[in-house]
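Participant: Before we start, here is the structure in question, set down as C-alpha coordinates.
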Amino acid sequence: IAVCSLGHCHPDITEAICRQAGELVHVSNLFHTIPQIELAELLTANSFADRVFMANSGAEANEAAIKLARIHSNAGRYEIISLTGSFHGRTLATVAATGQTRFHRGFEPLPHGFIHAEFGDPAALEGLVNERTCAILCEPLQGESGVRPLDPGYLQAIRKLCDRHNLLLIFDEVQTGMGRTGTLFAYEQLGVTPDIMTLAKALGNGLPIGAMLTTKAIAASFTAGTHASTFGGNPVTAAAAVATMKIMLAEGFLAAVREKGHYLTARLQEVADRFPGLATGVRGRGLLLGLILTDKGINLGPEIVDRLFKQGVLINFAGNRVLRFVPPLIVNNEEIDILAHRLGDVLEELALNS
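See the structure below:
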(Lines of atoms letter the chains of each structure in order from A and count residues from 1; the text may use other names and numbers.)
(Lines give C-alpha, C1' and ligand atoms only; values in the text may rest on other atoms or scores of the structure.)
Protein backbone atom coordinates (compact mmCIF):
# COMPACT_ATOMS: atom_id res chain seq x y z
CA ILE A 1 0.00 0.00 0.00
CA ALA A 2 1.29 3.49 -0.95
CA VAL A 3 4.54 2.07 -2.34
CA CYS A 4 4.61 2.44 -6.14
CA SER A 5 3.54 6.07 -6.04
CA LEU A 6 5.11 6.77 -9.44
CA GLY A 7 3.61 3.65 -11.01
CA HIS A 8 5.29 0.41 -11.95
CA CYS A 9 8.61 0.46 -13.80
CA HIS A 10 8.91 4.23 -14.16
CA PRO A 11 11.59 4.64 -16.86
CA ASP A 12 13.77 7.05 -14.86
CA ILE A 13 13.77 4.76 -11.83
CA THR A 14 14.32 1.63 -13.91
CA GLU A 15 17.29 3.29 -15.61
CA ALA A 16 18.78 4.32 -12.25
CA ILE A 17 18.39 0.78 -10.87
CA CYS A 18 19.99 -0.86 -13.91
CA ARG A 19 22.84 1.64 -14.05
CA GLN A 20 23.69 1.17 -10.37
CA ALA A 21 23.35 -2.62 -10.59
CA GLY A 22 26.05 -2.54 -13.25
CA GLU A 23 28.41 -0.55 -11.03
CA LEU A 24 28.04 -1.68 -7.41
CA VAL A 25 25.31 -3.75 -5.77
CA HIS A 26 26.60 -4.00 -2.20
CA VAL A 27 29.47 -2.91 -0.01
CA SER A 28 30.11 -2.98 3.74
CA ASN A 29 28.38 -0.26 5.73
CA LEU A 30 31.84 0.83 6.84
CA PHE A 31 31.90 2.74 3.54
CA HIS A 32 29.71 5.47 2.10
CA THR A 33 28.42 5.15 -1.44
CA ILE A 34 27.51 7.86 -3.92
CA PRO A 35 23.77 6.96 -4.02
CA GLN A 36 23.63 7.05 -0.20
CA ILE A 37 25.22 10.48 -0.12
CA GLU A 38 22.96 11.82 -2.86
CA LEU A 39 19.87 10.51 -1.09
CA ALA A 40 20.91 11.90 2.28
CA GLU A 41 21.57 15.29 0.71
CA LEU A 42 18.14 15.32 -0.96
CA LEU A 43 16.37 14.31 2.25
CA THR A 44 18.13 16.84 4.45
CA ALA A 45 17.87 19.67 1.92
CA ASN A 46 14.10 19.22 1.81
CA SER A 47 13.30 18.60 5.47
CA PHE A 48 14.03 19.79 9.01
CA ALA A 49 16.76 17.15 9.41
CA ASP A 50 20.49 17.17 8.92
CA ARG A 51 21.19 13.50 9.64
CA VAL A 52 19.79 10.34 7.98
CA PHE A 53 19.96 6.67 8.96
CA MET A 54 18.98 4.27 6.17
CA ALA A 55 17.18 0.98 6.72
CA ASN A 56 15.19 -1.53 4.68
CA SER A 57 11.60 -0.87 5.78
CA GLY A 58 9.30 1.32 7.80
CA ALA A 59 9.41 -1.06 10.75
CA GLU A 60 13.22 -0.89 10.77
CA ALA A 61 13.13 2.90 10.53
CA ASN A 62 10.75 3.01 13.50
CA GLU A 63 12.96 0.59 15.46
CA ALA A 64 15.86 2.97 14.87
CA ALA A 65 13.74 5.90 16.06
CA ILE A 66 12.74 4.03 19.22
CA LYS A 67 16.35 3.14 20.02
CA LEU A 68 17.53 6.68 19.34
CA ALA A 69 14.84 8.19 21.56
CA ARG A 70 15.82 5.92 24.42
CA ILE A 71 19.57 6.33 24.17
CA HIS A 72 19.26 10.11 23.74
CA SER A 73 17.19 10.53 26.90
CA ASN A 74 18.46 10.52 30.45
CA ALA A 75 18.87 7.24 32.31
CA GLY A 76 15.55 5.87 33.48
CA ARG A 77 13.59 7.54 30.68
CA TYR A 78 12.53 4.85 28.24
CA GLU A 79 8.75 4.97 27.84
CA ILE A 80 7.24 6.04 24.54
CA ILE A 81 3.64 7.18 24.26
CA SER A 82 1.80 6.45 21.02
CA LEU A 83 -1.87 6.79 20.09
CA THR A 84 -4.78 4.39 19.97
CA GLY A 85 -5.44 3.39 16.38
CA SER A 86 -1.81 3.80 15.38
CA PHE A 87 0.25 1.36 13.32
CA HIS A 88 4.04 1.38 13.46
CA GLY A 89 5.21 -2.00 12.15
CA ARG A 90 5.31 -5.74 12.78
CA THR A 91 8.53 -6.27 14.73
CA LEU A 92 7.99 -6.87 18.45
CA ALA A 93 8.89 -3.32 19.48
CA THR A 94 6.84 -1.68 16.73
CA VAL A 95 3.90 -3.99 17.43
CA ALA A 96 4.11 -2.91 21.07
CA ALA A 97 4.12 0.71 19.93
CA THR A 98 1.08 0.08 17.72
CA GLY A 99 -2.13 1.20 19.41
CA GLN A 100 -4.36 -1.62 18.16
CA THR A 101 -4.77 -4.74 20.27
CA ARG A 102 -5.63 -6.90 17.25
CA PHE A 103 -1.97 -6.67 16.22
CA HIS A 104 -0.83 -7.68 19.74
CA ARG A 105 -2.73 -10.95 20.05
CA GLY A 106 -0.56 -14.04 20.03
CA PHE A 107 2.70 -12.16 20.54
CA GLU A 108 2.49 -11.47 24.26
CA PRO A 109 4.36 -10.69 26.37
CA LEU A 110 5.22 -7.60 24.35
CA PRO A 111 8.25 -5.45 25.13
CA HIS A 112 7.40 -3.02 27.92
CA GLY A 113 7.87 0.72 27.75
CA PHE A 114 5.03 1.57 25.37
CA ILE A 115 1.84 3.36 26.43
CA HIS A 116 -1.14 4.26 24.27
CA ALA A 117 -3.02 7.54 24.67
CA GLU A 118 -6.56 8.05 23.45
CA PHE A 119 -6.63 9.48 19.93
CA GLY A 120 -7.40 13.19 19.77
CA ASP A 121 -7.36 13.87 23.53
CA PRO A 122 -4.41 16.11 24.52
CA ALA A 123 -5.37 16.10 28.21
CA ALA A 124 -5.34 12.30 28.33
CA LEU A 125 -1.98 12.32 26.59
CA GLU A 126 -0.48 14.76 29.07
CA GLY A 127 -1.84 12.66 31.93
CA LEU A 128 0.32 9.75 30.80
CA VAL A 129 3.59 11.69 30.82
CA ASN A 130 5.79 10.76 33.78
CA GLU A 131 9.43 10.67 34.83
CA ARG A 132 10.02 7.62 32.61
CA THR A 133 8.67 9.17 29.38
CA CYS A 134 11.23 9.90 26.66
CA ALA A 135 9.15 10.47 23.51
CA ILE A 136 5.75 10.71 21.85
CA LEU A 137 5.32 8.76 18.61
CA CYS A 138 2.49 9.43 16.16
CA GLU A 139 1.45 9.42 12.52
CA PRO A 140 0.25 12.79 11.16
CA LEU A 141 -2.59 10.79 9.60
CA GLN A 142 -3.50 7.29 10.72
CA GLY A 143 -4.01 5.12 7.66
CA GLU A 144 -4.46 1.60 9.02
CA SER A 145 -7.20 2.47 11.52
CA GLY A 146 -9.42 4.26 9.02
CA VAL A 147 -7.69 7.27 7.41
CA ARG A 148 -7.87 9.51 10.49
CA PRO A 149 -6.03 12.83 10.13
CA LEU A 150 -4.66 14.30 13.33
CA ASP A 151 -5.97 17.84 13.74
CA PRO A 152 -3.20 20.46 13.37
CA GLY A 153 -4.19 21.97 16.72
CA TYR A 154 -3.85 18.58 18.39
CA LEU A 155 -0.40 18.06 16.90
CA GLN A 156 0.65 21.55 17.93
CA ALA A 157 -0.47 20.75 21.48
CA ILE A 158 1.65 17.58 21.38
CA ARG A 159 4.65 19.61 20.21
CA LYS A 160 4.21 22.05 23.13
CA LEU A 161 3.82 19.14 25.54
CA CYS A 162 7.09 17.64 24.29
CA ASP A 163 8.85 20.97 24.67
CA ARG A 164 7.56 21.45 28.24
CA HIS A 165 8.69 18.01 29.36
CA ASN A 166 11.86 17.73 27.26
CA LEU A 167 10.45 14.85 25.21
CA LEU A 168 11.26 13.91 21.64
CA LEU A 169 8.46 14.11 19.08
CA ILE A 170 8.65 11.29 16.53
CA PHE A 171 6.56 11.43 13.36
CA ASP A 172 5.96 8.14 11.58
CA GLU A 173 5.59 9.30 7.97
CA VAL A 174 6.07 5.86 6.45
CA GLN A 175 2.70 6.16 4.68
CA THR A 176 2.10 9.94 4.70
CA GLY A 177 5.56 10.92 3.48
CA MET A 178 6.97 11.16 -0.03
CA GLY A 179 4.28 13.39 -1.52
CA ARG A 180 1.29 11.32 -0.46
CA THR A 181 -0.54 14.21 1.22
CA GLY A 182 0.44 16.85 -1.36
CA THR A 183 3.67 18.05 0.23
CA LEU A 184 6.85 16.02 0.35
CA PHE A 185 6.20 15.36 4.04
CA ALA A 186 2.86 15.73 5.81
CA TYR A 187 4.34 17.72 8.71
CA GLU A 188 4.92 20.65 6.34
CA GLN A 189 1.16 21.33 6.29
CA LEU A 190 0.62 21.15 10.03
CA GLY A 191 2.68 23.90 11.64
CA VAL A 192 4.63 21.29 13.61
CA THR A 193 8.20 20.06 13.19
CA PRO A 194 9.20 16.71 14.70
CA ASP A 195 12.55 15.83 16.24
CA ILE A 196 12.69 12.48 14.45
CA MET A 197 10.85 11.34 11.32
CA THR A 198 10.64 7.93 9.68
CA LEU A 199 10.06 7.13 6.00
CA ALA A 200 9.75 4.06 3.78
CA LYS A 201 7.08 2.74 1.38
CA ALA A 202 7.18 5.19 -1.58
CA LEU A 203 10.77 6.27 -0.88
CA GLY A 204 12.11 3.60 -3.26
CA ASN A 205 8.99 3.30 -5.45
CA GLY A 206 8.92 -0.46 -4.95
CA LEU A 207 12.44 -1.24 -3.78
CA PRO A 208 12.82 -1.88 -0.04
CA ILE A 209 14.26 1.16 1.69
CA GLY A 210 13.47 3.07 4.87
CA ALA A 211 15.01 6.10 6.51
CA MET A 212 15.10 7.78 9.88
CA LEU A 213 15.75 11.52 9.82
CA THR A 214 16.77 13.70 12.75
CA THR A 215 18.96 16.60 13.80
CA LYS A 216 22.71 16.57 14.33
CA ALA A 217 22.37 17.03 18.09
CA ILE A 218 20.01 14.10 18.53
CA ALA A 219 21.85 11.85 16.08
CA ALA A 220 25.04 12.31 18.11
CA SER A 221 23.58 9.94 20.71
CA PHE A 222 24.15 7.10 18.24
CA THR A 223 27.85 6.32 18.49
CA ALA A 224 29.80 3.63 16.66
CA GLY A 225 28.23 0.25 17.30
CA THR A 226 24.96 1.44 18.85
CA HIS A 227 22.92 0.87 15.70
CA ALA A 228 23.56 -0.38 12.17
CA SER A 229 22.08 -2.24 9.21
CA THR A 230 23.79 -4.66 6.85
CA PHE A 231 21.67 -3.73 3.84
CA GLY A 232 20.30 -0.33 4.85
CA GLY A 233 21.11 2.26 2.20
CA ASN A 234 22.01 -0.43 -0.32
CA PRO A 235 23.44 1.32 -3.41
CA VAL A 236 20.74 0.00 -5.76
CA THR A 237 17.80 0.88 -3.52
CA ALA A 238 19.34 4.26 -2.71
CA ALA A 239 19.75 4.97 -6.43
CA ALA A 240 16.06 4.17 -6.91
CA ALA A 241 15.17 6.51 -4.05
CA VAL A 242 17.27 9.32 -5.52
CA ALA A 243 15.48 8.97 -8.85
CA THR A 244 12.12 8.87 -7.06
CA MET A 245 12.85 12.03 -5.09
CA LYS A 246 14.03 13.94 -8.15
CA ILE A 247 10.74 13.20 -9.90
CA MET A 248 8.69 14.22 -6.88
CA LEU A 249 10.67 17.43 -6.41
CA ALA A 250 10.28 18.49 -10.05
CA GLU A 251 8.40 21.74 -10.53
CA GLY A 252 4.64 21.29 -10.41
CA PHE A 253 4.59 17.65 -9.29
CA LEU A 254 3.42 18.15 -5.71
CA ALA A 255 1.01 20.91 -6.73
CA ALA A 256 -0.55 18.43 -9.14
CA VAL A 257 -0.90 15.89 -6.32
CA ARG A 258 -2.79 18.47 -4.28
CA GLU A 259 -5.07 19.30 -7.21
CA LYS A 260 -5.81 15.63 -7.87
CA GLY A 261 -6.44 15.12 -4.17
CA HIS A 262 -9.08 17.86 -4.27
CA TYR A 263 -10.63 16.30 -7.37
CA LEU A 264 -10.73 12.80 -5.88
CA THR A 265 -12.24 14.19 -2.68
CA ALA A 266 -14.98 15.91 -4.68
CA ARG A 267 -15.77 12.80 -6.72
CA LEU A 268 -15.91 10.59 -3.62
CA GLN A 269 -18.15 13.12 -1.88
CA GLU A 270 -20.51 12.98 -4.87
CA VAL A 271 -20.73 9.22 -4.42
CA ALA A 272 -21.37 9.63 -0.69
CA ASP A 273 -24.14 12.14 -1.41
CA ARG A 274 -25.79 9.67 -3.82
CA PHE A 275 -25.82 6.87 -1.26
CA PRO A 276 -26.38 8.41 2.19
CA GLY A 277 -27.50 5.03 3.50
CA LEU A 278 -24.05 3.59 2.83
CA ALA A 279 -21.57 6.48 3.13
CA THR A 280 -21.42 9.73 5.09
CA GLY A 281 -18.43 11.62 3.70
CA VAL A 282 -14.73 11.77 2.93
CA ARG A 283 -11.67 12.44 5.07
CA GLY A 284 -7.93 12.48 4.60
CA ARG A 285 -5.28 14.61 2.92
CA GLY A 286 -3.93 14.72 -0.61
CA LEU A 287 -4.19 11.30 -2.22
CA LEU A 288 -4.67 9.42 1.04
CA LEU A 289 -8.44 9.45 1.42
CA GLY A 290 -11.16 7.45 3.10
CA LEU A 291 -14.85 7.11 2.28
CA ILE A 292 -16.58 6.95 5.65
CA LEU A 293 -19.25 4.25 5.75
CA THR A 294 -22.49 4.09 7.71
CA ASP A 295 -23.21 1.08 9.93
CA LYS A 296 -24.97 -0.53 6.97
CA GLY A 297 -22.05 0.32 4.70
CA ILE A 298 -19.56 -1.12 7.18
CA ASN A 299 -21.31 -4.48 6.99
CA LEU A 300 -20.90 -4.37 3.22
CA GLY A 301 -17.29 -3.12 3.29
CA PRO A 302 -15.52 -6.37 2.36
CA GLU A 303 -18.02 -7.02 -0.42
CA ILE A 304 -17.51 -3.52 -1.82
CA VAL A 305 -13.75 -4.11 -1.92
CA ASP A 306 -14.23 -7.52 -3.56
CA ARG A 307 -16.62 -6.24 -6.24
CA LEU A 308 -14.33 -3.33 -7.10
CA PHE A 309 -11.38 -5.71 -7.33
CA LYS A 310 -13.28 -7.72 -9.94
CA GLN A 311 -13.70 -4.47 -11.89
CA GLY A 312 -10.00 -3.69 -11.76
CA VAL A 313 -10.12 -1.17 -8.89
CA LEU A 314 -7.83 -1.85 -5.92
CA ILE A 315 -8.82 -0.34 -2.57
CA ASN A 316 -8.98 -1.73 0.96
CA PHE A 317 -11.22 -1.66 4.02
CA ALA A 318 -9.24 0.27 6.64
CA GLY A 319 -10.07 -0.06 10.30
CA ASN A 320 -13.16 -2.07 9.38
CA ARG A 321 -15.05 1.17 8.86
CA VAL A 322 -13.61 3.15 5.94
CA LEU A 323 -12.83 2.48 2.28
CA ARG A 324 -9.22 3.62 1.83
CA PHE A 325 -8.10 5.13 -1.49
CA VAL A 326 -4.34 5.39 -2.05
CA PRO A 327 -3.82 5.77 -5.81
CA PRO A 328 -0.44 6.35 -7.44
CA LEU A 329 0.51 10.02 -7.36
CA ILE A 330 0.56 9.97 -11.16
CA VAL A 331 -3.16 9.12 -11.37
CA ASN A 332 -5.07 11.43 -13.73
CA ASN A 333 -8.58 12.86 -13.58
CA GLU A 334 -9.87 10.46 -16.22
CA GLU A 335 -8.80 7.51 -14.06
CA ILE A 336 -10.39 9.13 -11.02
CA ASP A 337 -13.63 9.44 -13.00
CA ILE A 338 -13.48 5.73 -13.85
CA LEU A 339 -12.98 4.93 -10.16
CA ALA A 340 -15.92 7.10 -9.11
CA HIS A 341 -18.16 5.59 -11.79
CA ARG A 342 -17.33 1.99 -10.83
CA LEU A 343 -17.67 2.74 -7.12
CA GLY A 344 -21.06 4.29 -7.76
CA ASP A 345 -22.16 1.25 -9.76
CA VAL A 346 -21.12 -1.13 -6.98
CA LEU A 347 -22.88 0.89 -4.28
CA GLU A 348 -26.01 1.12 -6.41
CA GLU A 349 -26.08 -2.66 -6.87
CA LEU A 350 -25.64 -3.24 -3.16
CA ALA A 351 -28.21 -0.61 -2.21
CA LEU A 352 -30.78 -2.28 -4.46
CA ASN A 353 -30.03 -5.76 -3.15
CA SER A 354 -29.89 -4.95 0.56
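Residue numbering for the sequence shown follows my numbering, starting at 12 and increasing by one per position.
For every residue, glycine included, the Cβ atom is placed at its ideal position computed from N, Cα and C.
According to the neighbour-count rule (16 or more other Cβ atoms, all chains shown, within 10 Å of its Cβ), is R170 buried or exposed?
Facilitator: Position 159 of the sequence shown, counted from the start, is the residue given in the question as residue 170. Under this definition R170 is a buried residue.
Participant: Using the DSSP secondary-structure output, state which residues sit across from E90 in a beta bridge.
Facilitator: If you number the sequence shown from 1, residue 90 lands on position 79. The partner list for E90 (beta bridge, DSSP) reads T144.
Participant: Would you tell me roughly how many angstroms separate the C-alpha atoms of H21 and E137, rounded to the nearest one?
Facilitator: Translated into positions along the sequence shown, residue 21 becomes position 10. Translated into positions along the sequence shown, residue 137 becomes position 126. Distance between the alpha carbons of H21 and E137: 45 Å.
Participant: What separation, rounded to the nearest whole angstrom, lies between the Cα atoms of T241 and N40?
Facilitator: Here residue 241 refers to the residue found at position 230 of the sequence shown. Here residue 40 refers to the residue found at position 29 of the sequence shown. Going by the C-alpha atoms only, they are around 6 Å apart.
Participant: I'd like the span of the alpha helix (DSSP H) that includes I48, first residue to last.
Facilitator: Position 37 of the sequence shown, counting from 1, holds the residue named residue 48. Unbroken alpha helix (DSSP H) run through I48: I45 to A56.
Participant: So, at 6 Å on beta carbons, what are the nonlocal neighbours of L195 in its own chain, with the 5 sequence-adjacent residues on each side left out?
Facilitator: Within the sequence shown, residue 195 is the residue found at index 184, counting from 1. So the list reads N57, once near-sequence residues are dropped.
Participant: Quick one: measure Cβ to Cβ for L148 and L161, integer angstroms, because I've assumed they're closer than 8 Å.
Facilitator: Residue mapping note: residue 148 aligns to position 137 of the sequence shown, counting from 1. Residue mapping note: residue 161 aligns to position 150 of the sequence shown, counting from 1. About 12 Å; that fails the 8 Å criterion.
Participant: Do you know how far the Cα of L340 is from the Cα of G193?
Facilitator: Mapped onto the sequence shown, residue 193 falls at position 182. Mapped onto the sequence shown, residue 340 falls at position 329. Going by the C-alpha atoms only, they are around 9 Å apart.
Participant: Between the C-alpha atoms of R335 and E129, what's the straight-line distance to the nearest angstrom?
Facilitator: For the purposes of this step, residue 335 is taken as the residue at position 324 of the sequence shown. For the purposes of this step, residue 129 is taken as the residue at position 118 of the sequence shown. Computed Cα separation, rounded: 22 Å.
Participant: Alpha helix (DSSP H) containing R170: first to last residue?
Facilitator: Residue numbering aside, residue 170 sits at position 159 when the sequence shown is read from its first letter. Here the alpha helix (DSSP H) through R170 covers P163 to H176.
Participant: To the nearest angstrom, report how far apart A146 and I349 are at their CA atoms.
Facilitator: As a first step, residue 146 is located in the sequence shown; it is residue number 135 there, counting from the start. As a first step, residue 349 is located in the sequence shown; it is residue number 338 there, counting from the start. Their backbone Cα atoms lie some 44 Å apart in a straight line.
Participant: Just list the residues that DSSP pairs M208 with in beta bridges.
Facilitator: Stepping through the sequence shown from its first residue, residue 208 is reached at position 197. M208 is bridged to F182 and L224.
Participant: From this set, E155, E359 and T112, which residue's C-alpha is nearest L299's C-alpha?
Facilitator: Locating residue 299 in the sequence shown gives position 288, where the first residue counts as 1. Selected option, being the one with the closest Cα: E155.
Participant: Which of the three DSSP states, helix, strand or coil, is assigned to F114?
Facilitator: Position 103 of the sequence shown, counting from 1, holds the residue named residue 114. It is helical.
Participant: What ranges does the beta strand (DSSP E) occupy inside the segment 245-296, keeping only unbroken runs of at least 3 residues that lie completely in it?
Facilitator: Segments of the beta strand (DSSP E) lying fully in the segment 245-296: 290-296.
Participant: Cα-Cα, which of A267, G355, F320 and E360 is closest to V342?
Facilitator: As a working note, residue 342 is residue 331 in the sequence shown. Nearest C-alpha to V342: A267.
Participant: Residues bridged to I229 by DSSP?
Facilitator: Counting from 1 along the sequence shown, the entry for residue 229 is found at position 218. Answer is none; I229 lacks a bridge partner.
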